[in-house]
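**Student:** Residue numbers (the numbering used here), protein chains in the order written: chain Y, 1 to 478; chain A, 479 to 956. Idealized CB from N, CA, C, for every residue including glycine. Computed from a prediction, not measured in an experiment: that's the story for all the values here.
2 protein chains.
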Amino acid sequence: MAEQEKEAMLPPKESFSEWYNDLLQVAEIMDVRYPVKGSYVWYPFGFSIRRNVYGIIRELLDKDHQETMFPLLIPENEFMKEAEHIKGFEDEVYWVLNGGTTPLDVKLALRPTSETAIYPMYRLWVRSHADLPLKLYQIVNTFRYETKHTRPLIRLREITSFKEAHTVHATWDDAAAQVDEAIRLYSEFYRRLAVPVLPSKRPNWDKFPGADYTIAVDALMPDGKTLQVGTAHHLGDNFAKTFDIKYEDAEGEQVYAHQTCYGVSERSIAALISIHGDDKGLIMPPEVAPVQAVIIPILFKKSEAVLAACNDVKEKLEAAGIRVTIDDSDKRPGSKYYKWEMKGVPLRIEIGPRDLEKEAAMLARRDTGEKEQVPLASIVNEVIERFAVIQFSLLEKAKEELGARIFECETLDDVRENVAKGIAHVPWCGEEKCGLEMDEQVGAGILGIPTDQDETGTYKCPVCGKDTSIRVYVARTY
Amino acid sequence: MAEQEKEAMLPPKESFSEWYNDLLQVAEIMDVRYPVKGSYVWYPFGFSIRRNVYGIIRELLDKDHQETMFPLLIPENEFMKEAEHIKGFEDEVYWVLNGGTTPLDVKLALRPTSETAIYPMYRLWVRSHADLPLKLYQIVNTFRYETKHTRPLIRLREITSFKEAHTVHATWDDAAAQVDEAIRLYSEFYRRLAVPVLPSKRPNWDKFPGADYTIAVDALMPDGKTLQVGTAHHLGDNFAKTFDIKYEDAEGEQVYAHQTCYGVSERSIAALISIHGDDKGLIMPPEVAPVQAVIIPILFKKSEAVLAACNDVKEKLEAAGIRVTIDDSDKRPGSKYYKWEMKGVPLRIEIGPRDLEKEAAMLARRDTGEKEQVPLASIVNEVIERFAVIQFSLLEKAKEELGARIFECETLDDVRENVAKGIAHVPWCGEEKCGLEMDEQVGAGILGIPTDQDETGTYKCPVCGKDTSIRVYVARTY
Numbered sequence: 001m002a003e004q005e006k007e008a009m010l011p012p013k014e015s016f017s018e019w020y021n022d023l024l025q026v027a028e029i030m031d032v033r034y035p036v037k038g039s040y041v042w043y044p045f046g047f048s049i050r051r052n053v054y055g056i057i058r059e060l061l062d063k064d065h066q067e068t069m070f071p072l073l074i075p076e077n078e079f080m081k082e083a084e085h086i087k088g089f090e091d092e093v094y095w096v097l098n099g100g101t102t103p104l105d106v107k108l109a110l111r112p113t114s115e116t117a118i119y120p121m122y123r124l125w126v127r128s129h130a131d132l133p134l135k136l137y138q139i140v141n142t143f144r145y146e147t148k149h150t151r152p153l154i155r156l157r158e159i160t161s162f163k164e165a166h167t168v169h170a171t172w173d174d175a176a177a178q179v180d181e182a183i184r185l186y187s188e189f190y191r192r193l194a195v196p197v198l199p200s201k202r203p204n205w206d207k208f209p210g211a212d213y214t215i216a217v218d219a220l221m222p223d224g225k226t227l228q229v230g231t232a233h234h235l236g237d238n239f240a241k242t243f244d245i246k247y248e249d250a251e252g253e254q255v256y257a258h259q260t261c262y263g264v265s266e267r268s269i270a271a272l273i274s275i276h277g278d279d280k281g282l283i284m285p286p287e288v289a290p291v292q293a294v295i296i297p298i299l300f301k302k303s304e305a306v307l308a309a310c311n312d313v314k315e316k317l318e319a320a321g322i323r324v325t326i327d328d329s330d331k332r333p334g335s336k337y338y339k340w341e342m343k344g345v346p347l348r349i350e351i352g353p354r355d356l357e358k359e360a361a362m363l364a365r366r367d368t369g370e371k372e373q374v375p376l377a378s379i380v381n382e383v384i385e386r387f388a389v390i391q392f393s394l395l396e397k398a399k400e401e402l403g404a405r406i407f408e409c410e411t412l413d414d415v416r417e418n419v420a421k422g423i424a425h426v427p428w429c430g431e432e433k434c435g436l437e438m439d440e441q442v443g444a445g446i447l448g449i450p451t452d453q454d455e456t457g458t459y460k461c462p463v464c465g466k467d468t469s470i471r472v473y474v475a476r477t478y
Numbered sequence: 479m480a481e482q483e484k485e486a487m488l489p490p491k492e493s494f495s496e497w498y499n500d501l502l503q504v505a506e507i508m509d510v511r512y513p514v515k516g517s518y519v520w521y522p523f524g525f526s527i528r529r530n531v532y533g534i535i536r537e538l539l540d541k542d543h544q545e546t547m548f549p550l551l552i553p554e555n556e557f558m559k560e561a562e563h564i565k566g567f568e569d570e571v572y573w574v575l576n577g578g579t580t581p582l583d584v585k586l587a588l589r590p591t592s593e594t595a596i597y598p599m600y601r602l603w604v605r606s607h608a609d610l611p612l613k614l615y616q617i618v619n620t621f622r623y624e625t626k627h628t629r630p631l632i633r634l635r636e637i638t639s640f641k642e643a644h645t646v647h648a649t650w651d652d653a654a655a656q657v658d659e660a661i662r663l664y665s666e667f668y669r670r671l672a673v674p675v676l677p678s679k680r681p682n683w684d685k686f687p688g689a690d691y692t693i694a695v696d697a698l699m700p701d702g703k704t705l706q707v708g709t710a711h712h713l714g715d716n717f718a719k720t721f722d723i724k725y726e727d728a729e730g731e732q733v734y735a736h737q738t739c740y741g742v743s744e745r746s747i748a749a750l751i752s753i754h755g756d757d758k759g760l761i762m763p764p765e766v767a768p769v770q771a772v773i774i775p776i777l778f779k780k781s782e783a784v785l786a787a788c789n790d791v792k793e794k795l796e797a798a799g800i801r802v803t804i805d806d807s808d809k810r811p812g813s814k815y816y817k818w819e820m821k822g823v824p825l826r827i828e829i830g831p832r833d834l835e836k837e838a839a840m841l842a843r844r845d846t847g848e849k850e851q852v853p854l855a856s857i858v859n860e861v862i863e864r865f866a867v868i869q870f871s872l873l874e875k876a877k878e879e880l881g882a883r884i885f886e887c888e889t890l891d892d893v894r895e896n897v898a899k900g901i902a903h904v905p906w907c908g909e910e911k912c913g914l915e916m917d918e919q920v921g922a923g924i925l926g927i928p929t930d931q932d933e934t935g936t937y938k939c940p941v942c943g944k945d946t947s948i949r950v951y952v953a954r955t956y
């Protein structure tokens, strides 16, 4: 698409918000010019990232979940059944009122999330303890009438890529174990995107409407705000009671089931591109890069030998399952570098006459800029090895950056100073009053209690001064 | 899901409508009990068929199309731009009028199809002849407020799986060639589902609203009605003019682009299961079968040797990329046969002590019921060869059945008699008046002019008696 071919300069990544918006357009992830607020268009390049990212989710879930698909439209009476749930969503729901020119008999909600679409069916599907656990997921579009400032991939009115899993278990403990398992799955998912995440249990006032509790994973964005990139909810038997989901236990008794649900969305892609990218554009981990390697023939004059060598390398890499392309366009090399760096291609392979004399190629890493000459004879192994190194080093770099921006704080002043830069780790007595007061005082709320909390120490709540063994994350959030 | 484990009897396939409805439920394709008319739930098993079927579509399109995703919600002003298009859809559009409890400023349509969502963006994306052809597709949910009788997979209010491609070309002829290419792609797609289809050019009164012309592919259902399972539309420069999609040609002139769009939906799965299935349930072509082979250990008493042999075969087949499962449950063999036949598993592999003595296994074909003993040593090749034979013979059988139900007709009486059984192939003068009259007289409409029409003969229009070289398909349709 011609207009993107100009060499637009990105703002520096330090100006994160401008950098992010421009990057989405220039690297062709999302087009923000669609004429409905909060709805955006996936460019084909962006969508190919989505394919790879969601391929990983499917791979992880398919081990013991099954994929399915439920309708978008939820009748008002089903939607209105669970009181807490409604309270959480009623201001955000889009309502379909007309079919053609006729008003509908029953108002239809566009799902903001699918509990109330799925659980009436679970009522029919769950019969016996032998049916449990039931673990299904779907990847669908969901809708929230957001009144806050919308932002592509992050705060949307149409979430195009909501992966939601809904599980049913015999006991409360089984469901709790599944919530832990969900967080383990999400941590693994993000590890494969080279994105380190922090799991924490949300404070009660911030849990999912209708849940017993919520554990979430957050990523730290370059501007020091956290982005919630996955949540897992223990629903207890709350929805089971509302939707009458019972099973016959081993003794022949009818018992309410226990449930969980957990979701990730295209926010995973927002984190992926924000955390790794730089002033030159995207930096893609090899596993999810639409193009993993680009071959650039260095042609002082038209050289058949160079082009033949490039094609030979391309064939070998393709045979090894690597997503590779040759850029043999007439553009000058600098212009080609610009383009493929913007798209985050992990490795650039340059082959010129002087390389050929040495039966070698030049590899340039996108993440570090390092260049290295390698023998053509072993090119496939050289490339595969470097992919592993890049994947590893992106994750290590991101972990270091995250670690350097978690600050141990004891007082509200400490917190105030540090949440501007990242995450404060601070004592909390556990009282909602103190939690909300902290939020008010420092302009940043309690994210949650880290799931790997060591509760053997004794600290003082910076608001009320009471002794506590709990320390929480406090951060500015998206 | 327990309730489906009972051995429900299907009605005979002769009673097609009842058979179809029951099969969807008993074989766990779609659950029809969702509380919104025309919206159905994909069972996980049904969804795994969808995955395989849509995997083929993606494979075919990815050769020279790119996948993308556009928003569901279309603002009223964009939707209302193309006059013919509106006329075709206005009675069928769902309108979102409220966000939360607030009426929206601009009414939002749920896309019935995405021309009016995509083309405002194409206006921005298409700049130069170098951008053309542009070939994008998406797989999304679309909505039609159907007032006719709804039916799972066939006539839906939420089409969950609409694959729509939208292409832009420099000239009318380029777009015409793309329409032909789309029909070629669809024919190939259906060949892989072992479903023979008939391509024909729709009469003018039945073309896509806003198109120059429409070519469709139809499958013949067991009850003799045709099911439109794919359409390709030449849009000329009609939408380009409405949405101002222009490109700069080689001479530097701004010229309107030419466009096509083409779609298939989950009707592909309706055809797949209807055409191949029998009184015992589904018959899946191996390529799209969620389970391609099931191994049944024949155990007179607990035999470690038999189970070991079954596991060994399973491992070998899996290593060859075959989707295989062992049914070593405690159910009696008859009950296992029932279950896997219902699910359409192409090959059943039975291994018992007597087979083991001969170092052999018994293969049973789902499509013909034929059983054959084969050596364990070459089991992988035996299975792969049979898959090819089954795939081929399902297609041949379907072709024969289709061929036997296309009837050469010369008079309206001929047509009337034969459209009860299938498709009439009958002369037509080309006048709309005669076409509609024929419809009225025989209770079946003109499907279209076969694209492989040989126009060298001379026939008489059965309505007006005029000479014509055209023969058309006439059929009862879904």
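Helix, strand or coil, according to DSSP, for A:L671 in the structure here?
**Tutor:** What you label residue 671 of chain A is simply residue 193 of the second sequence in a count that begins at 1. Three-state result, A:L671: coil.
**Student:** In chain order, what residues of the same chain lie with their CB nearer than 7 angstroms to the CB of A:S752, ignoring the 5 residues before and after it?
**Tutor:** Here residue 752 of chain A is taken as the residue at index 274 of the second sequence, counted from 1. Taken in chain order, the residues that qualify are Y498, M699, P700.
**Student:** Under 8 angstroms, Cβ to Cβ, is there at least one residue of chain Y near A:N499?
**Tutor:** Taking the second sequence and counting its residues from 1, one reaches residue 499 of chain A at position 21. Chain Y contact via Cβ: absent.
**Student:** Which ranges would you report for the beta strand (DSSP E) in the stretch 524-594 of chain A if only whole runs of at least 3 residues count?
**Tutor:** Fully enclosed beta strand (DSSP E) runs of 3 or longer: 551-553, 572-577, 580-588.
**Student:** Report all residues from its chain with a CB closer than 6 angstroms to the CB of A:A767; omit the five preceding and five following residues, and keep chain order.
**Tutor:** As a working mapping, residue 767 of chain A is identified with position 289 in the second sequence. Result list for A:A767: P824, in chain order.
**Student:** Are any of the Cβ atoms in chain A nearer than 8 angstroms to that of Y:T160?
**Tutor:** If you number the first sequence from 1, residue 160 of chain Y lands on position 160. Cβ-Cβ to chain A under 8 angstroms: yes for Y:T160.
**Student:** Please classify A:E933 as buried or exposed, where buried requires at least 16 neighbouring CB atoms within 10 angstroms.
**Tutor:** Working through the second sequence from its first residue, we reach residue 933 of chain A at position 455. Its Cβ having fewer than 16 others within 10 Å, A:E933 is exposed.
**Student:** Have a look at the DSSP bridge pairing and note the partners of Y:V140.
**Tutor:** Counting from 1 along the first sequence, the entry for residue 140 of chain Y is found at position 140. DSSP lists Y:F162 as partners of Y:V140.
**Student:** Does the count of Cβ pairs from the stretch 567-587 of chain A and the stretch 96-114 of chain Y closer than 8 angstroms reach three?
**Tutor:** Enough Cβ pairs lie closer than 8 angstroms, so yes.
**Student:** Taking 8 angstroms as the CB-CB cut-off, is A:N530 touching chain Y?
**Tutor:** The sequence position of residue 530 of chain A within the second sequence is 52, counting from 1. A:N530 does not count as touching chain Y.
**Student:** Go ahead and label A:G847 buried or exposed: buried means 16 or more other beta carbons lie within 10 angstroms of its beta carbon, across all protein chains shown.
**Tutor:** Here the question's residue 847 of chain A lines up with position 369 in the second sequence. The residue is exposed, with fewer than 16 neighbouring Cβ atoms inside 10 Å.
**Student:** May I have the straight-line CA-CA distance separating Y:F16 from Y:A27, to the nearest angstrom?
**Tutor:** In the first sequence, residue 16 of chain Y corresponds to position 16, counting from 1. In the first sequence, residue 27 of chain Y corresponds to position 27, counting from 1. Taking the straight line from one Cα to the other gives about 15 angstroms.
**Student:** Taking A:F525 as the reference, give the member of A:L890, A:A655, A:D845, A:E744 with the closest Cα.
**Tutor:** Counting from 1 along the second sequence, the entry for residue 525 of chain A is found at position 47. It is A:E744 whose Cα lies nearest to the Cα of A:F525.
**Student:** When you compare the stretch 177-186 of chain Y with the stretch 251-264 of chain Y, are there three or more beta-carbon pairs, one atom per stretch, that lie closer than 8 angstroms?
**Tutor:** The answer is yes - the stretch 251-264 of chain Y touches the stretch 177-186 of chain Y, with three or more Cβ pairs under 8 angstroms.
**Student:** Assuming Y:L282 and Y:M342 are in contact, meaning their beta carbons sit under 8 angstroms apart, how far apart are those beta carbons, in whole angstroms?
**Tutor:** For the purposes of this step, residue 282 of chain Y is taken as residue 282 along the first sequence, with counting starting at 1. For the purposes of this step, residue 342 of chain Y is taken as residue 342 along the first sequence, with counting starting at 1. The pair is a contact, with the Cβ atoms about 7 angstroms apart (cut-off 8 angstroms).
**Student:** Could you tell me whether the stretch 543-556 of chain A touches the stretch 54-71 of chain Y, using the rule of 3 or more Cβ pairs below 8 angstroms?
**Tutor:** Taking 8 angstroms as the limit for Cβ pairs, the verdict is that the stretch 54-71 of chain Y does not touch the stretch 543-556 of chain A.
**Student:** Using Cβ-Cβ distances below 9 angstroms, what residues of the stretch 787-816 of chain A are close to chain Y?
**Tutor:** Going along the stretch 787-816 of chain A in chain order, one finds no residue with a Cβ nearer than 9 angstroms to chain Y.
**Student:** To the nearest angstrom, how far is it from the Cα of A:V673 to the Cα of A:A689?
**Tutor:** Locating residue 673 of chain A in the second sequence gives position 195, where the first residue counts as 1. Locating residue 689 of chain A in the second sequence gives position 211, where the first residue counts as 1. About 27 angstroms.
**Student:** Quick check on the DSSP output: the beta strand (DSSP E) that includes Y:G448 runs from which residue to which?
**Tutor:** Translated into the one-based positions of the first sequence, residue 448 of chain Y becomes position 448. It spans 445-450 - the beta strand (DSSP E) in which Y:G448 sits, taken as one unbroken run.
**Student:** Sort Y:G465, Y:D413, Y:G448, Y:S469 by Cα distance to Y:V442 and report the nearest one.
**Tutor:** Translated into the one-based positions of the first sequence, residue 442 of chain Y becomes position 442. Among Y:G465, Y:D413, Y:G448, Y:S469, the Cα nearest to that of Y:V442 is on Y:D413.
**Student:** Chain Y beta carbons: is any one of them nearer than 8 angstroms to that of A:E556?
**Tutor:** Taking the second sequence and counting its residues from 1, one reaches residue 556 of chain A at position 78. A:E556 counts as touching chain Y.
**Student:** Is there a Cβ of chain Y sitting closer than 8 angstroms to that of A:M820, yes or no?
**Tutor:** To locate residue 820 of chain A, count along the second sequence from 1; it is residue 342. No - not a single Cβ of chain Y is within 8 angstroms of the one on A:M820.
**Student:** Where does Y:A289 sit, in a helix, a strand or coil, going by DSSP?
**Tutor:** Along the first sequence, one-based indexing puts residue 289 of chain Y at 289. Note: Y:A289 maps to coil in three-state DSSP.
**Student:** Given a threshold of 16 other Cβ atoms within 10 Å of its Cβ, counted over all protein chains shown, does A:A798 qualify as buried or as exposed?
**Tutor:** Looking up residue 798 of chain A in the second sequence gives position 320. So A:A798 ends up on the exposed side.
**Student:** Using a Cβ-Cβ cut-off of 7 angstroms (strictly less than) and excluding sequence neighbours within five positions of A:Q482, which residues of its own chain qualify?
**Tutor:** If you number the second sequence from 1, residue 482 of chain A lands on position 4. Low local confidence applies: a pLDDT of 46 at A:Q482 is under 50, so the model's placement there is unreliable, and no value is given.
**Student:** Run down chain A in chain order and give the residues with a C-beta less than 8 angstroms from the C-beta of Y:Y122.
**Tutor:** Residue mapping note: residue 122 of chain Y aligns to position 122 of the first sequence, counting from 1. Neighbours of Y:Y122 on chain A: none; closest Cβ ~10 angstroms, over 8 angstroms.
**Student:** Quick one: using the 10 Å Cβ neighbour count with 16 as the cut-off for buried, is Y:E357 buried or exposed?
**Tutor:** As a first step, residue 357 of chain Y must be located in the first sequence, where it is residue number 357. By the 10 Å Cβ count, Y:E357 comes out exposed.
**Student:** Give a yes or no on whether 8 angstroms exceeds the smallest Cβ distance from A:M547 to chain Y.
**Tutor:** The residue you call residue 547 of chain A lines up with position 69 of the second sequence. By this cut-off, A:M547 is an interface position.
**Student:** From what residue to what residue does the beta strand (DSSP E) around Y:R348 run?
**Tutor:** Taking the first residue of the first sequence as position 1, residue 348 of chain Y is located at position 348. Note, Y:R348: beta strand (DSSP E), 347-351.
**Student:** Should Y:Y256 be flagged as near chain D, meaning a C-beta pair shorter than 8 angstroms?
**Tutor:** The structure shown contains no chain D; its protein chains are Y and A.
**Student:** What's the call for Y:K201, buried or exposed, on a 16-neighbour Cβ count within 10 Å?
**Tutor:** Working through the first sequence from its first residue, we reach residue 201 of chain Y at position 201. Answer is buried; the Cβ neighbour count reaches 16.
**Student:** Measuring CA to CA, which of Y:V380, Y:P12, Y:A360 is closest to Y:Q373?
**Tutor:** Position 373 of the first sequence holds residue 373 of chain Y. Of the listed residues, the one whose Cα sits closest to Y:Q373 is Y:A360.
**Student:** Below 8 angstroms CB to CB, which residues in the same chain sit around A:P489 once its five sequence neighbours on both sides are set aside?
**Tutor:** The count along the second sequence starts at 1 and reaches residue 489 of chain A at position 11. Excluding residues within five positions, the ones whose Cβ falls inside 8 angstroms are E496, W497, D500.
**Student:** In the structure shown, what three-state DSSP assignment does A:D722 receive?
**Tutor:** Counting from one through the second sequence, the residue named residue 722 of chain A turns up at place 244. Reduced to three states, the DSSP call for A:D722 is coil.
**Student:** How many angstroms separate the CA atom of A:E554 from the CA atom of Y:E82?
**Tutor:** By one-based count along the second sequence, residue 554 of chain A stands at place 76. By one-based count along the first sequence, residue 82 of chain Y stands at place 82. The straight-line gap from Cα to Cα measures roughly 33 angstroms.
**Student:** Pull up the CB-CB distance for Y:D237 and Y:Y256, whole angstroms please, since I reckon it's below 8 angstroms.
**Tutor:** Indexing the first sequence from 1 puts residue 237 of chain Y at position 237. Indexing the first sequence from 1 puts residue 256 of chain Y at position 256. The Cβ separation is near 4 angstroms, so the contact holds.
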